[in-house]
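Take the sequence shown: its letters are residues 30 to 279, numbered as in our numbering.
Where a beta carbon is used, it is the ideal one built from N, C-alpha and C, also for glycine.
Computed from a prediction, not measured in an experiment: that's the story for all the values here.
The next block holds one structure in the form of structure tokens; read it before the comments.
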Amino acid sequence: MKQFENKVAIVTGGAAGIGKATAIEFAKNGAKVVVADLADATGTVSAIQEIGGEAIYVKCDVSKDAEVKALVEKAVSTYGAVDFGFNNAGVELGGIPLDEVTVEEFDKVIGINLRGVFLCIKYEAIQMLKQGKGAIVNTASAAGIVGVPSLSAYTASKHGIVGLTKTAALDLGKRGIRINTVCPGAIRTPMLEGTMKNSEAAAAQINDSQIMGRIGEPVEIANAVIWLCSDAASFVNGISMPVDGGWVAK
Ligand SMILES: NC(=O)c1ccc[n+]([C@@H]2O[C@H](COP(=O)([O-])OP(=O)(O)OC[C@H]3O[C@@H](n4cnc5c(N)ncnc54)[C@H](O)[C@@H]3O)[C@@H](O)[C@H]2O)c1
Numbered sequence: 030m031k032q033f034e035n036k037v038a039i040v041t042g043g044a045a046g047i048g049k050a051t052a053i054e055f056a057k058n059g060a061k062v063v064v065a066d067l068a069d070a071t072g073t074v075s076a077i078q079e080i081g082g083e084a085i086y087v088k089c090d091v092s093k094d095a096e097v098k099a100l101v102e103k104a105v106s107t108y109g110a111v112d113f114g115f116n117n118a119g120v121e122l123g124g125i126p127l128d129e130v131t132v133e134e135f136d137k138v139i140g141i142n143l144r145g146v147f148l149c150i151k152y153e154a155i156q157m158l159k160q161g162k163g164a165i166v167n168t169a170s171a172a173g174i175v176g177v178p179s180l181s182a183y184t185a186s187k188h189g190i191v192g193l194t195k196t197a198a199l200d201l202g203k204r205g206i207r208i209n210t211v212c213p214g215a216i217r218t219p220m221l222e223g224t225m226k227n228s229e230a231a232a233a234q235i236n237d238s239q240i241m242g243r244i245g246e247p248v249e250i251a252n253a254v255i256w257l258c259s260d261a262a263s264f265v266n267g268i269s270m271p272v273d274g275g276w277v278a279k
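Following this line, the structure appears as structure tokens:
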């Protein structure tokens with residue numbers, strides 16, 4: 030019997046990168062997966078079906094209250110429960126010094142990265158409280174722990190997730206829900222490849238900051254998420270765990 034047999038996981042930002050890799054790992058561990066993304070995530074669903082798993086794609090903009098509520102309702106109407114939530118969808122706005130960031134750009138990043146995670150936690154928790162149990166993992170970043178130059182909105186949004194995780198753990202811990210966050214370093218995904226292509230300074234900084242001499246792979250974040258959701262992490266609550274090859278140890 031696989032450890033997540035008969036369990037249901039929601040994964041946001043599941044079309045690509047870290048979300049796709051984690052959706053596949055949830056399926057390998059036996060979970061049924063609700064793959065949510067603004068972009069087409071049917072490729073992730075097919076990859077899960079090819080390994081004998083069960084998944085559906087739900088189009089969802091995590092920054093929109095009604096769409097996140099509908100996402101959780103769809104998970105429940107399809108699979109009957111929500112046992113795990115991986116709130117991972119995010120966007121980056123790199124390479125722009127703070128004094129040049131517009132209010133619209135700042136609000137967009139905060140709306141997706143921070144309000145999006147808040148909305149996902151809220152509606153997943155409402156369902157999990159009915160079930161009496163659940164585990165939630167959010168994706169912040171090494172930029173949720175340390176400052177990164179020319180990445181103000183993103184860094185603010187990711188620090189916000191770290192704070193939100195602490196308060197959510199205090200609010201939900203006695204009621205059966207654990208909530209934690211992963212803080213990835215530089216991981217080989219479309220987002221990182223875009224950043225490195227757009228800005229030579231960012232590419233140089235990312236390469237220089239690799240303590241282990243390499244960029245991470247999406248599955249290395251997925252493995253941490255699976256562990257945080259598992260019973261092996263049954264007393265782990267409210268943490269924001271770097272999975273960054275040592276980036277924030279500097
Ligand atoms: N790749 C890295 O080096 C790195 C490092 C630290 C943190 N992160 C974080 O990891 C998470 C995943 O990023 P990734 O690197 O896999 O990037 P990615 O761009 O490959 O994947 C992000 C996914 O989020 C989706 N998305 C964007 N806006 C959305 C919205 N409003 N609603 C729903 N889905 C939306 C995108 O369509 C995409 O599929 C993000 O939160 C990112 O900030 C990534």
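Item checked: 3-residue-minimum beta strand (DSSP E) runs that sit fully inside the segment 30–73, ordered along the chain -> 37–41 and 61–66
Note to self: With DSSP as the reference, identify every bridge partner of V87, one or two as the case may be.
What the structure shows: A65
Next item on the list: Please name the residue, chosen from V265, A253, G274 and D94, that lies closest to I244 on a Cα-to-Cα basis.
Entry: G274
Note to self: Does the beta-carbon of I125, which I'm using as the reference point, lie nearer than 7 Å to any heavy atom of ligand 1?
What the structure shows: no
Checklist line | Three-way DSSP call (helix, strand, coil) for L122 in this model | finding: coil
Item checked: Coarse secondary structure for V175, derived from DSSP in three states -> coil
Margin query: Just to check my reading of the structure: N116 and T73 have Cβ atoms closer than 8 Å, yes? What is that Cβ distance to the nearest angstrom?
Written below: Actually they do not touch by this definition, with Cβ atoms about 16 Å apart.
Item checked: Residues bridged to M270 [DSSP beta-bridge criterion] -> V211
Margin query: Let's test the definition: count the other Cβ atoms within 10 Å of the Cβ of R207 and tell me whether it reaches 16, buried, or not, exposed.
Written below: buried
Checklist line | Backbone CA spacing between S106 and Y152 [nearest angstrom] | finding: 14 Å
Note to self: Among D112, V130 and I125, whose alpha-carbon lies nearest the alpha-carbon of Q32?
What the structure shows: D112
Note to self: For F113, report the span of its beta strand (DSSP E) as first-last.
What the structure shows: F113 to N116
Check: Rounded to a whole number of angstroms, what is the C-alpha to C-alpha distance between E222 and I85?
Finding: 27 Å
Note to self: Could you tell me the alpha carbon to alpha carbon distance between V29 and I240, rounded to whole angstroms?
What the structure shows: Within the shown structure, residues of the chain are numbered from 30 to 279, placing residue 29 beyond reach of any answer.
Checklist line | Beta-carbon contacts of N266 that lie in its chain and below 8 Å, excluding the five residues immediately before and after | finding: A198, G202, R207, I208 and N209
Notebook entry, point to check: Which residue or residues does DSSP assign as beta-bridge partners of N167?
Noted result: N116 and T210
Item checked: C-alpha distance - G214 paired with V132, whole-angstrom precision -> 27 Å
Check: Would you report the Cα separation of A233 and M157, rounded to the nearest angstrom?
Finding: 43 Å
Check: If you draw a straight line from the C-alpha of S181 to the C-alpha of N142, how long is it?
Finding: 13 Å
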